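To start, the structure itself, in structure tokens.
Residue numbers (the working numbering): 8 to 69.
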């Protein structure tokens with residue numbers, strides 16, 4: 008396994024109908040994700056990949 012490589016992204020969702028993706032993400036989780044990305048040693052490209060994976064998972068759950 009390569010060091011500092013994205014292996015898995017897990018997104019916990021709250022089931023609420025009619026909300027946009029932005030509304031589904033609790034601000035607490037946004038803050039946690041932001042802090043973890045800032046503290047990580049990931050490259051900017053890896054950080055973008057993580058965020059894209061989160062967005063993809065959210066869209067696929069709709």
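Where a beta carbon is used, it is the ideal one built from N, C-alpha and C, also for glycine. Here the structure is a predicted model, which means the values were calculated and not measured.
- Separation of the CB atoms of residue 56 and residue 13 is rounded to 6 Å, and the pair is thereby assigned contact status at 8 Å.
- As the crow flies, the alpha-carbon of residue 50 is around 10 Å from that of residue 44.
- In this chain, the alpha helix (DSSP H) harbouring residue 37 covers 34-46.
- For residue 63, the enclosing alpha helix (DSSP H) starts and ends at 51-68.
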